[in-house]
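Enquirer: Chains A and B, in that order, are what the protein sequence lines are. Quick note on numbering: this note's numbering labels position 302 of the first sequence as 302, and the sequence is numbered without any gaps. Quick note on numbering: this note's numbering labels position 108 of the second sequence as 1108, and the sequence is numbered without any gaps. C-beta atoms are modelled at their ideal positions from N, C-alpha and C, and glycine is treated no differently. As the structure is a computational prediction, the values presented were derived from the model and not from experiment. Just dropping this structure here.
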Amino acid sequence: MELDVASVIAKNCRIMLEDKDGLILGQCLTAVGWVAGTVPNLPDHPGIIELSMADVAGGGIAVGAALNARKPVVYVIRYQGFLWYNAISIINYAAKSLELFRVPCPLLVRAIASEGFIGPVAGNSHHSLLLRMPGLNVIAPMTPKEWTEAWEFHFGSNLNPTVLSEHRSSYKITKDFNVYRSVEPQVTILGISAGRLSALAAAGQLTQEGINVDLFHLVWLSPLRFPEEYLNSLAKSKFGIIIDSDYESWGAVQALAFQIMELVPGVTIKVCGLDKKSAGFSKTTDNVTPNSDRIIAKIKNQLNLRGK
Amino acid sequence: MTRYKKFKDVEIEIYKKMSMIRKFEKRIISAYESGNVSTPVYLSIGQESIAATLATFFSNGIPIFAQHRAHSYFLAFNGDPSHLMQEITSSSTSWSQGSGGSASISSKEIQMFGHSGLMGDQVPIAIGYALVTSSPVLAVVGDASAEEDYVMSAIGYAVKRKLPVILICEDNNYSILTEKFVRREWKLDDVAKAYGAVSFDIEDKPQEIWNKLSDWNFKDVLVLNINTERHNWHAGIGQDATPTQDRLADLKLHLLKSGYEKDLLIIDSNIDLRLDQIWS
């Protein structure tokens, strides 16, 4: 039976705890659900360390635990919005330690995004706030294979801290995502995090309607992995759209759009992410990842403008 | 933890370290005045007794998590002064080509971890380090950074986990030029006690510091708020007023009265000779 993402995370964490003397630090790790089943249910294991509810101090303690790479250390941030507090020492110390002090601090941060009826602080992805900082890997896996690759990369020869921008909507996923390739693409869709689920749905719908679509997935955000194939597609389609579960305004999508437009002459890049508003708890006030309808509308609008 | 049989030996060792710190920083002042140092410098002159006593007590070393004012810790714990000179003068041969400078001193040789510039973040980081090593760690803050909200919450967690952490607060009563009474009503030792730490508010006299260290059981979290007087500006070499106390002069007088004139002469001459070679 294929394991889903949550089970793959729990399995790798269990191996790290039991075979590699690793540590998992975080708040409420042993509470009901064991962080959506991603922390192995080992109530008495000394490597599962409950921190106090002091978010800023907790991030610093996790950094100190990983300093000098004495043990593999995973730090779980239950809601990605809490990165605003927890990231202080991760950005200012862990990410700079190797460059400034020649001391590695390879902390693995599992920052878990949630959305839908969860409010203005706990809700949404926030990986964009990290991407500008040097010395920090940021990866947004959504499938078991992607998550495993990220884990193996981090605990391989890497010496820098890594933030895994996880999304709870990925936890039941068992298979790789499809890629769409056309001979003459009219649009190149690039998806990030949970935006990839909406992007897939949109690509399927557009294809059924006879629109030629290329769809690719962006997982390794910093340092950015952007294969030549994506640039070639954009050079053909002359129109790309980037979908993300983080904020659209001043976020990863806009920064990436700028980089692409510098590399591919004549291309138009649209972006589609969270609205610039706080997420309320109710359906009418929430702020969630763009759905396929919104993506399709944006694509069709652009194609109509171009007369295709 | 300590190899000394009588306290006079301790005092001689403390004097040696204090004198090195004072003389080294006087060289920095000269270099600054002559334009050979152009980056910000954070001097410990006036506060030398704290690092010197700690280093004498932890003569086998201890992981050090200090902050921007840390020449004293580097030198007291036997960091190579020529390395520090190179870093402060932004030499291409220094350990970080001057990117750490005066404020972010790092040394694998003496287990001194660099500081990021975020005041007080060294405390939770030190505690995380102790969580993994289960060995004593030394964290140093000033009275201003002790107010950072994550400092005492981290101490509270160290108490909960029974981690062997010693937190030193070099309390000169000022955050740059803003006095404590303007900023808060609480005292650090009271708050530390409330969190369950063993804590004292003491003066920066070597004997007083030494006694509190000697009483430590290496199990509880120990927080020492040490009142001291920094002679120079927060950053830079200037002075606002004539210092009202000088622990180095006090210790020297005490040792001279005890008949150690020749020992002090040799100590100071050797330091001068070494610094002449380094700063030439």
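Can you list, in chain order, the residues of its chain with a C-beta nearer than 6 Å to that of glycine 1079 of chain B? Leave out the 5 residues immediately preceding and following it.
Expert: Translated into positions along the second sequence, residue 1079 of chain B becomes position 79. For glycine 1079 of chain B, where only same-chain residues beyond five positions count, the Cβ hits under 6 Å are Ser1107, Ile1110.
Enquirer: For my contact list, histidine 1234 of chain B and isoleucine 1176 of chain B are in at a C-beta cut-off of 8 Å; report their separation, rounded to the angstrom.
Expert: Within the second sequence, the letter at position 234 stands for residue 1234 of chain B. Within the second sequence, the letter at position 176 stands for residue 1176 of chain B. With a Cβ gap of about 5 Å, histidine 1234 of chain B and isoleucine 1176 of chain B count as contacting.
Enquirer: Grab the span of the beta strand (DSSP E) containing cysteine 272 of chain A for me, first residue to last.
Expert: Residue 272 of chain A sits at position 272 when you count from the first residue of the first sequence. 268 to 274 is the span of the beta strand (DSSP E), which, as asked, contains cysteine 272 of chain A.
Enquirer: Unbroken beta strand (DSSP E) runs of length 3 or more, entirely within the stretch 1123 to 1151 of chain B: which are they?
Expert: The stretch 1123 to 1151 of chain B contains, as complete beta strand (DSSP E) runs of 3+ residues, the segments 1137 to 1142 (chain order).
Enquirer: Could you spell out where the alpha helix (DSSP H) holding glutamate 262 of chain A opens and where it closes?
Expert: If you number the first sequence from 1, residue 262 of chain A lands on position 262. Element bounds for glutamate 262 of chain A: 252 to 263.
Enquirer: Are at least three pairs of beta-carbons, each pair with one atom in the stretch 137 to 157 of chain A and one in the stretch 275 to 289 of chain A, less than 8 Å apart?
Expert: The stretch 137 to 157 of chain A, when compared against the stretch 275 to 289 of chain A, does not touch it at the 8 Å Cβ threshold.
Enquirer: Can you tell me which residues form a DSSP beta bridge with leucine 218 of chain A?
Expert: Residue numbering aside, residue 218 of chain A sits at position 218 when the first sequence is read from its first letter. Bridge partners of leucine 218 of chain A: A:Ile192.
Enquirer: Under the assumption that leucine 1131 of chain B contacts isoleucine 1166 of chain B (Cβ atoms under 8 Å), give the Cβ distance between them as a whole number of angstroms.
Expert: Indexing the second sequence from 1 puts residue 1131 of chain B at position 131. Indexing the second sequence from 1 puts residue 1166 of chain B at position 166. About 15 Å; that fails the 8 Å criterion.
Enquirer: For chain A, check one thing: does any of its Cβ atoms lie closer than 9 Å to the Cβ of threonine 1133 of chain B?
Expert: Walking along the second sequence from the start, residue 1133 of chain B turns up at place 133. Yes, threonine 1133 of chain B counts as interfacial toward chain A.
Enquirer: Go ahead and label tryptophan 1186 of chain B buried or exposed: buried means 16 or more other beta carbons lie within 10 angstroms of its beta carbon, across all protein chains shown.
Expert: Counting from one through the second sequence, the residue named residue 1186 of chain B turns up at place 186. That one is exposed.
Enquirer: Let me see if you follow: with CB-CB separation under 9 Å, is phenylalanine 101 of chain A close to chain B or not?
Expert: Taking the first sequence and counting its residues from 1, one reaches residue 101 of chain A at position 101. Chain B, which has a Cβ nearer than 9 Å to the Cβ of phenylalanine 101 of chain A, makes this yes.
Enquirer: Where glutamate 1011 of chain B and glutamate 1147 of chain B are concerned, what is the direct C-alpha to C-alpha distance, given to the nearest angstrom?
Expert: As a first step, residue 1011 of chain B must be located in the second sequence, where it is residue number 11. As a first step, residue 1147 of chain B must be located in the second sequence, where it is residue number 147. Distance between the alpha carbons of glutamate 1011 of chain B and glutamate 1147 of chain B: 32 Å.
Enquirer: When the Cα of glycine 116 of chain A is compared with those of A:Lys300, A:Arg306, A:Ala279, A:Asn304, which residue comes out closest?
Expert: Here residue 116 of chain A refers to the residue found at position 116 when the first sequence is read from its first residue. Comparing Cα positions, the closest option is A:Ala279.
Enquirer: Classify histidine 167 of chain A as helix, strand or coil using the three-state DSSP reduction.
Expert: Looking up residue 167 of chain A in the first sequence gives position 167. Strand.
Enquirer: Just checking: is the beta-carbon of tryptophan 1210 of chain B within a distance shorter than 9 Å of some beta-carbon in chain A?
Expert: Within the second sequence, residue 1210 of chain B is the residue found at index 210, counting from 1. Not one chain A Cβ lies under 9 Å of tryptophan 1210 of chain B.
Enquirer: To the nearest angstrom, how far is the alpha carbon of glutamate 149 of chain A from that of alanine 297 of chain A?
Expert: Locating residue 149 of chain A in the first sequence gives position 149, counting from the first residue. Locating residue 297 of chain A in the first sequence gives position 297, counting from the first residue. Cα to Cα, the separation comes out at about 34 Å.
Enquirer: With respect to the beta strand (DSSP E) encompassing glycine 26 of chain A, which residues constitute its N-terminal and C-terminal limits?
Expert: Mapped onto the first sequence, residue 26 of chain A falls at position 26. Here the beta strand (DSSP E) through glycine 26 of chain A covers 23 to 26.
Enquirer: Given a cut-off of 9 Å on the beta-carbon distance, is the pair valine 63 of chain A and tyrosine 93 of chain A in contact?
Expert: Numbered from 1 along the first sequence, position 63 holds the residue referred to as residue 63 of chain A. Numbered from 1 along the first sequence, position 93 holds the residue referred to as residue 93 of chain A. Going by C-beta atoms, valine 63 of chain A is nearer than 9 Å to tyrosine 93 of chain A.
Enquirer: Does the count of Cβ pairs from the stretch 27 to 41 of chain A and the stretch 1121 to 1136 of chain B closer than 8 Å reach three?
Expert: no
Enquirer: Could you tell me whether any Cβ in chain A is nearer than 9 Å to the Cβ of isoleucine 1125 of chain B?
Expert: Counting from 1 along the second sequence, the entry for residue 1125 of chain B is found at position 125. Yes, isoleucine 1125 of chain B lies at the interface with chain A (some Cβ there is under 9 Å from its Cβ).
Enquirer: For serine 1107 of chain B, which beta-bridge partners are listed by DSSP?
Expert: If you number the second sequence from 1, residue 1107 of chain B lands on position 107. B:Met1112, per the DSSP bridge assignment.
Enquirer: Who are the near neighbours of alanine 1158 of chain B in its chain, counting only those whose CB is closer than 6 Å to its CB and skipping five residues on each side?
Expert: Position 158 of the second sequence holds residue 1158 of chain B. The answer, listed in chain order, is Ile1127, Val1165, Val1221.
Enquirer: Which residue wins for smallest C-alpha separation from tyrosine 1042 of chain B, given the options B:Ser1019, B:Leu1213, B:Phe1007, B:Ala1103?
Expert: For this step, residue 1042 of chain B is matched to residue 42 along the second sequence. Of B:Ser1019, B:Leu1213, B:Phe1007, B:Ala1103, the residue nearest in Cα terms is B:Ala1103.
Enquirer: In the DSSP assignment, what are the bridge partners of phenylalanine 1200 of chain B?
Expert: In the second sequence, residue 1200 of chain B corresponds to position 200, counting from 1. Looking at the DSSP output, phenylalanine 1200 of chain B bridges to B:Leu1224.
Enquirer: Do we get a CB-CB distance below 9 Å when we pair glycine 58 of chain A with the residues of chain B?
Expert: Here residue 58 of chain A refers to the residue found at position 58 of the first sequence. Yes, glycine 58 of chain A counts as interfacial toward chain B.
Enquirer: Alpha helix (DSSP H) containing arginine 294 of chain A: first to last residue?
Expert: Locating residue 294 of chain A in the first sequence gives position 294, counting from the first residue. It spans 292 to 305 - the alpha helix (DSSP H) in which arginine 294 of chain A sits, taken as one unbroken run.
Enquirer: Please check if any C-beta of chain A sits within less than 9 Å of the C-beta of valine 1037 of chain B.
Expert: Counted from its first residue, the second sequence places residue 1037 of chain B at position 37. By this cut-off, valine 1037 of chain B is not an interface position.
Enquirer: Report the residues of the stretch 1093 to 1107 of chain B with a CB closer than 7 Å to any CB of chain A, ordered along the chain.
Expert: Ser1096, Ser1099, Gly1100, Ser1104, Ser1106
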